[in-house]
Amino acid sequence: MLLKLFHAACLQRFITRTLMLLAAMAMMTPLNAMADDMVRLNIAAFEKRAADFTFDSIITGTYADMFNIMQTKADVIFLTRTPVLQNGDVINLQIDALRMADNNKLSNEGLNCQFVFDNESDEDSQFYSIAGMCSMLEATDIGTNKIKAFIKRSMLSDANYNMNVWMKIYEDEKQGIAIYADVDPK
Numbered sequence: 383m384l385l386k387l388f389h390a391a392c393l394q395r396f397i398t399r400t401l402m403l404l405a406a407m408a409m410m411t412p413l414n415a416m417a418d419d420m421v422r423l424n425i426a427a428f429e430k431r432a433a434d435f436t437f438d439s440i441i442t443g444t445y446a447d448m449f450n451i452m453q454t455k456a457d458v459i460f461l462t463r464t465p466v467l468q469n470g471d472v473i474n475l476q477i478d479a480l481r482m483a484d485n486n487k488l489s490n491e492g493l494n495c496q497f498v499f500d501n502e503s504d505e506d507s508q509f510y511s512i513a514g515m516c517s518m519l520e521a522t523d524i525g526t527n528k529i530k531a532f533i534k535r536s537m538l539s540d541a542n543y544n545m546n547v548w549m550k551i552y553e554d555e556k557q558g559i560a561i562y563a564d565v566d567p568k
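Pasting the structure below:
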């Protein structure tokens with residue numbers, strides 16, 4: 383009888399510990415799955431300073447490397463790192479200055495963009511893309527010239543654990559503006 387009670391107690395401890403272990407594993411699994419989906423983008427826009435400067439299609443390296451390439455040839459309009467993104471998220475970037483023009487009308491200078499982020503990754507590969515629209519605003523004495531820029535869907539480089547790979551997603555040669563995007567290295 384004592385042996386039966388001992389076996390029953392051992393069996394109950396085994397079942398309890400096994401269930402606790404399974405519960406702990408179940409709680410950890412979503413965290414691990416979410417960690418793989420934690421995607422951030424770096425987005426940068428530049429305006430040419432030197433008329434003969436050509437924006438590269440791909441730039442590898444850190445922010446500092448990119449700035450060294452652009453130094454004295456282009457000015458930064460904006461540089462940002464997004465929060466963690468999910469498939470279908472809309473990214474809004476706005477940098478402009480509102481002022482009064484000579485004729486008492488408002489005038490606006492800057493770049494306002496909206497991008498849609500797509501995460502088409504699967505178990506084997508990472509596939510990210512963005513598309514969107516920007517308004518390039520140019521302040522004049524009589525108001526604002528507004529130019530719409532449509533950014534076609536651009537595939538971005540896989541997240542690289544060692545370096546940034548900046549893809550040129552848009553360029554307006556007449557305005558001298560280029561926009562780059564990069565999947566933030568993990």
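Numbering (the working numbering), first residue to last: 383 to 568.
All residues carry an ideal CB built from backbone N, CA and C; glycine is no exception.
In this text, all values refer to a predicted model and were calculated from it rather than measured experimentally.
Would you mind working out which of N469, K430, R535 sits nearest R422, comparing C-alpha positions? On the sequence shown, position 40 is the one that residue 422 refers to. When only C-alpha atoms are compared, the closest one is N469.
According to the Cβ coordinates, are V472 and F499 closer than 9 Å? Sequence index remark: in the sequence shown, residue 472 carries index 90 (1-based). Sequence index remark: in the sequence shown, residue 499 carries index 117 (1-based). Result yes, Cβ atoms of V472 and F499 sit closer than 9 Å.
Leaving aside the five residues before and after M457 along the sequence, list all residues of the same chain whose C-beta is less than 6 Å from its C-beta, in chain order. Looking up residue 457 in the sequence shown gives position 75. Checking the sequence, you will find Asp at residue 457 rather than Met. Once the five neighbours on either side are set aside, the close Cβ partners of D457 are E429, R431.
Taking contact to mean at least 3 C-beta pairs separated by less than 8 Å, is the segment 519-529 in contact with the segment 499-509? no
Rounded to the nearest angstrom, how far is the Cβ of I424 from that of D554, given a contact under 8 Å? Taking the sequence shown and counting its residues from 1, one reaches residue 424 at position 42. Taking the sequence shown and counting its residues from 1, one reaches residue 554 at position 172. Before going on, a small fix: residue 424 reads as Asn here, not Ile. About 20 Å; that fails the 8 Å criterion.
Roughly how many angstroms lie between the CA atoms of R481 and A446, to the nearest whole one? Working through the sequence shown from its first residue, we reach residue 481 at position 99. Working through the sequence shown from its first residue, we reach residue 446 at position 64. When rounded, the distance between both Cα atoms is 32 Å.
Closest by CA to M518, which one among D484, I533, K550? Here residue 518 refers to the residue found at position 136 when the sequence shown is read from its first residue. Nearest C-alpha to M518: I533.
Look at F549 and A531 and say whether their C-beta atoms are less than 9 Å apart. The residue you call residue 549 lines up with position 167 of the sequence shown. The residue you call residue 531 lines up with position 149 of the sequence shown. Reading off the sequence, residue 549 comes out as Met, not Phe. Against a cut-off of 9 Å, the Cβ pair of A531 and M549 comes out as no contact.
C-alpha gap between R535 and G514, whole angstroms: Reading the sequence shown from its first residue, position 153 is the one you call residue 535. Reading the sequence shown from its first residue, position 132 is the one you call residue 514. The straight-line gap from Cα to Cα measures roughly 8 Å.
Among residues of its own chain, excluding the 5 on either side of A479, which ones have a beta-carbon nearer than 8 Å to its beta-carbon? Counting from 1 along the sequence shown, the entry for residue 479 is found at position 97. Counting only Cβ-Cβ distances below 8 Å, and skipping sequence neighbours, we find N490, E491, G492, A521.
With distances taken between CB atoms, is the gap from A541 to F437 smaller than 9 Å? Position 159 of the sequence shown, counting from 1, holds the residue named residue 541. Position 55 of the sequence shown, counting from 1, holds the residue named residue 437. Contact flag unset, no.
Between F509 and the rest of its own chain, which residues show a CB-CB distance below 6 Å, the 5 nearest in sequence each way excluded? For the purposes of this step, residue 509 is taken as the residue at position 127 of the sequence shown. Closer than 6 Å at the Cβ level, and outside the excluded window around F509, lie E502, S503.
Contact check, F449 vs L475, beta carbons under 9 Å: Residue numbering aside, residue 449 sits at position 67 when the sequence shown is read from its first letter. Residue numbering aside, residue 475 sits at position 93 when the sequence shown is read from its first letter. Cβ distance not < 9 Å, so F449 and L475 don't count as in contact.
Beta strand (DSSP E) segments (min. 3 residues) lying fully within the segment 531-562: 547-554
Could you tell me the distance, in whole angstroms, from the CA atom of A426 to the CA atom of A483? Locating residue 426 in the sequence shown gives position 44, where the first residue counts as 1. Locating residue 483 in the sequence shown gives position 101, where the first residue counts as 1. Approximately 28 Å between the Cα atoms of the pair.
Where does L538 land, buried or exposed, given buried means 16+ other C-beta within 10 angstroms? As a position in the sequence shown, residue 538 is number 156, starting the count at 1. Classification for L538: buried.
Decide if L488 is buried, meaning its Cβ has at least 16 other Cβ atoms within 10 Å, or exposed. The count along the sequence shown starts at 1 and reaches residue 488 at position 106. Per the 10 Å Cβ criterion, exposed.
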